[in-house]
Amino acid sequence: MKTRTEYEKMIIKEVREMPGEVLPQVVKIIHSLKEGVLSAKVRHKKREAKGSGLCGRDN
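Start counting the sequence shown at 12; every next residue gets the next number (the numbering used here).
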């Protein structure tokens, strides 16, 4: 697996290759992706915390 820095460099390279007029759309896409990932994490954590309530087991 690559490091965070390697991924950031890859992302920056891709963004720099984009024409300037599409950059506002790129920002919207990245923002939407970020929101989706964060909301999925929150939903996953809520499910883990909820459990079944039976003897401390998750069913």
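Cβ atoms here follow ideal geometry from the backbone N, Cα and C, with glycine treated the same way.
The beta carbon of Met29 sits closer than 7 Å to those of Val37, all from its chain and outside the five residues before and after it, given in chain order. DSSP places Glu25 inside the alpha helix (DSSP H), whose first and last residues are Arg15 to Arg27. Pro30 carries a coil assignment under DSSP once its states are collapsed to helix, strand and coil.
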